[in-house]
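K.L.:
My structure is below; once you've seen it, I'll send some questions.
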Amino acid sequence: MTDGAACAVTDLLSEARSGDRAAFAGLVRRHQRAVYSLALRMLWDQHKAEDLAQDVFMQLYRKLAHMQSDAHVASWLRKVTTHLAIDRLRQEPRYELVPLEADPGVPAEPAGGDPLLQRRLRALLAQLPPPARAVLLLRYQEDLDPVEIASTLDMPVNTVKSHLKRSLSSLREQLGEGFESAAAPEGGPIT
Amino acid sequence: MTIDLEKQLRDALRPAAPPEGFAERIAARIEAVRLRRRRLSPPFVWVPAALAASLVLGFVALHQWELRREQQQGLQARRELIEALRVTGEKLDLAYRGVSDASRPANPDDAGT
Numbered sequence: 174m175t176d177g178a179a180c181a182v183t184d185l186l187s188e189a190r191s192g193d194r195a196a197f198a199g200l201v202r203r204h205q206r207a208v209y210s211l212a213l214r215m216l217w218d219q220h221k222a223e224d225l226a227q228d229v230f231m232q233l234y235r236k237l238a239h240m241q242s243d244a245h246v247a248s249w250l251r252k253v254t255t256h257l258a259i260d261r262l263r264q265e266p267r268y269e270l271v272p273l274e275a276d277p278g279v280p281a282e283p284a285g286g287d288p289l290l291q292r293r294l295r296a297l298l299a300q301l302p303p304p305a306r307a308v309l310l311l312r313y314q315e316d317l318d319p320v321e322i323a324s325t326l327d328m329p330v331n332t333v334k335s336h337l338k339r340s341l342s343s344l345r346e347q348l349g350e351g352f353e354s355a356a357a358p359e360g361g362p363i364t
Numbered sequence: 003m004t005i006d007l008e009k010q011l012r013d014a015l016r017p018a019a020p021p022e023g024f025a026e027r028i029a030a031r032i033e034a035v036r037l038r039r040r041r042l043s044p045p046f047v048w049v050p051a052a053l054a055a056s057l058v059l060g061f062v063a064l065h066q067w068e069l070r071r072e073q074q075q076g077l078q079a080r081r082e083l084i085e086a087l088r089v090t091g092e093k094l095d096l097a098y099r100g101v102s103d104a105s106r107p108a109n110p111d112d113a114g115t
């Protein structure tokens, strides 16, 4: 982010704090993709994901006075979204198999690679237990390292690492042969 | 051929766009909350507090009034008792004098005969 862009974002936050509704709408637009995507891939339901994302932004609106920077807003949003999603999943457990056709988590823009494989990956991710799912989403969607994930989910770093390791090997097992991880070879440490 | 699972995961988990009008719906919810707050704000927000304060003051005043009334009733009863004792004392005094007069001889000279 350039200095000018960083300054504009800080202005957005301070204007939103002083009650400027347009500035708050700007903050929402800035973070809506991350929050909605986390909610969607945690809950696997577009309506529930939108409800949750709206609740998260309503909480942000009430807590604006405590926000110090845009980075603080982003990490606060990730934390509240994942915790709320895990809570809601605990209230209504979903143990049924997720059908491949019912993929609500399609990215905004198509990327390279195999779309069928990506669909299958999202479906397999949706079948992981909620904490493991949150760990994988924060790692591969939000690009956080294990220390940041641990702080977001309030869990020990070693637990995060073991979730990552177990989930990746479970995914590899279910996808079949031919899947290797460049960053974390089998049995190697996940940093 | 090996496939990089982590890269595939990153590709599969690129952010998804929220439904159309998402930010506007949040703005509408915030506006609804603000309107509700404004509707509840002064003077209406003070009405329950004022009612509660009036009730407390009313109870305290009633209690004080009751105490004072009991005190005045006590003083009145004391005054009436003292008056009754005074009247009784006077009556007893009169009776004593009557009895004394009756037992005294009419002519002191007849006493020796």
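In order, the protein sequence lines correspond to chains F and G. For what it's worth, my numbering labels the leading residue of the first sequence as 174, then goes sequentially. For what it's worth, my numbering labels the leading residue of the second sequence as 3, then goes sequentially. Note that beta-carbon positions come from the ideal geometry of N, C-alpha and C, so glycine has one too. These numbers come from a predicted model, not from an experiment.
Under 7 Å between C-beta atoms, does F:A198 make it to chain G?
P.N.:
In the first sequence, counting from the first residue as 1, residue 198 of chain F sits at position 25. Yes, its Cβ sits closer than 7 Å to a Cβ of chain G.
K.L.:
As a quick exercise: from F:R202, F:V330, F:R312 and F:Q264, pick the residue whose alpha carbon is nearest that of F:K221.
P.N.:
Within the first sequence, the letter at position 48 stands for residue 221 of chain F. With distances taken between Cα atoms, F:K221 lies closest to F:Q264.
K.L.:
Between F:L237 and F:A189, what straight-line distance do the alpha-carbon atoms span, to the nearest angstrom?
P.N.:
Within the first sequence, numbered from 1, the residue matching residue 237 of chain F stands at position 64. Within the first sequence, numbered from 1, the residue matching residue 189 of chain F stands at position 16. Using only the alpha carbons, I get a separation of about 8 Å.
K.L.:
Can you pull the chain F residues whose beta carbon is under 7 Å from the beta carbon of G:Q10, in chain order?
P.N.:
Here residue 10 of chain G refers to the residue found at position 8 when the second sequence is read from its first residue. Going along chain F in sequence order, the residues near G:Q10 (Cβ under 7 Å) are G286, L290, Q291 and L294.
K.L.:
Short check: CB of F:L310 to CB of F:L317, under 7 Å?
P.N.:
Stepping through the first sequence from its first residue, residue 310 of chain F is reached at position 137. Stepping through the first sequence from its first residue, residue 317 of chain F is reached at position 144. No, Cβ-Cβ distance for F:L310 and F:L317 is not below 7 Å.
K.L.:
Would you call the stretch 322-329 of chain F and the stretch 27-36 of chain G in contact, with 3 or more CB pairs under 8 Å?
P.N.:
no
K.L.:
Please say whether F:Y209 and G:R12 have beta carbons closer to each other than 7 Å?
P.N.:
As a first step, residue 12 of chain G is located in the second sequence; it is residue number 10 there, counting from the start. As a first step, residue 209 of chain F is located in the first sequence; it is residue number 36 there, counting from the start. Going by C-beta atoms, G:R12 is not nearer than 7 Å to F:Y209.
K.L.:
Since F:D228 is in the alpha helix (DSSP H), which residue starts that stretch and which ends it?
P.N.:
By 1-based counting over the first sequence, the position of residue 228 of chain F is 55. It spans Q219 to K236 - the alpha helix (DSSP H) in which F:D228 sits, taken as one unbroken run.
K.L.:
Under 8 Å, with one C-beta from each stretch per pair, do the stretch 293-309 of chain F and the stretch 337-345 of chain F reach the 3-pair mark?
P.N.:
Taking a cut-off of 8 Å on C-beta distances, the stretch 293-309 of chain F touches the stretch 337-345 of chain F, as three or more cross pairs fall below it.
K.L.:
Identify, in the order they occur along the chain, each residue of the same chain with its Cβ nearer than 8 Å to the Cβ of F:Q232, setting aside the five sequence neighbours on each side.
P.N.:
For the purposes of this step, residue 232 of chain F is taken as the residue at position 59 of the first sequence. Excluding positions up to five away in sequence, the list reads V253.
K.L.:
At a Cβ cut of 7 Å, what residues of the stretch 35-65 of chain G count as close to chain F, listed as they run along the chain?
P.N.:
none
K.L.:
Helix or strand or just coil, what does DSSP make of G:A19?
P.N.:
Taking the first residue of the second sequence as position 1, residue 19 of chain G is located at position 17. Coil at G:A19, not helix or strand.
K.L.:
Does DSSP put F:Q314 in a helix, in a strand, or in coil?
P.N.:
On the first sequence, position 141 is the one that residue 314 of chain F refers to. Coil at F:Q314, not helix or strand.
K.L.:
Just to make sure I have the definition right: I need the residues of chain F whose C-beta is within less than 7 Å of the C-beta of G:R27. Which are they?
P.N.:
If you number the second sequence from 1, residue 27 of chain G lands on position 25. Neighbours of G:R27 on chain F, chain order: Q227.
K.L.:
Rounded to a whole number of angstroms, what is the C-alpha to C-alpha distance between F:Y268 and F:M215?
P.N.:
Against the first sequence, residue 268 of chain F aligns to sequence position 95. Against the first sequence, residue 215 of chain F aligns to sequence position 42. Model confidence at F:Y268 stands at a pLDDT of 49, short of 50, so the residue's coordinates are unreliable; what they give is reported in the following sentence. So the alpha carbons of these two residues sit roughly 13 Å apart.
K.L.:
Along chain G, in chain order, which residues have C-beta atoms closer than 9 Å to that of F:E223?
P.N.:
Along the first sequence, read from residue 1 onward, the residue named residue 223 of chain F stands at position 50. P20, P21, F24 and R27, listed in chain order.
K.L.:
When we look at the beta-carbon of G:G60 and count the other beta-carbons within 10 Å, is it buried (16 or more) or exposed?
P.N.:
For the purposes of this step, residue 60 of chain G is taken as residue 58 along the second sequence, with counting starting at 1. Exposed, because fewer than 16 other Cβ atoms sit within 10 Å of the Cβ of G:G60.
K.L.:
Which residues in chain G sit within 7 Å of F:V201, going by Cβ to Cβ distance?
P.N.:
The count along the first sequence starts at 1 and reaches residue 201 of chain F at position 28. Going along chain G in sequence order, the residues near F:V201 (Cβ under 7 Å) are A25 and I28.
K.L.:
Got a sec: is the Cβ-Cβ distance from F:R387 to anything in chain G below 7 Å?
P.N.:
With chain F represented from 174 up to 364, any question about residue 387 of chain F goes unanswered, as that position is not in the structure.
K.L.:
Are F:A212 and F:L225 close, meaning C-beta to C-beta below 7 Å?
P.N.:
Counted from its first residue, the first sequence places residue 212 of chain F at position 39. Counted from its first residue, the first sequence places residue 225 of chain F at position 52. Yes, these two residues count as a Cβ contact at 7 Å.
K.L.:
Going by beta carbon distance, what residues of the same chain come within less than 7 Å of G:Y98, once the five residues before and after it are set aside?
P.N.:
Translated into the one-based positions of the second sequence, residue 98 of chain G becomes position 96. For G:Y98, where only same-chain residues beyond five positions count, there are no Cβ hits under 7 Å.
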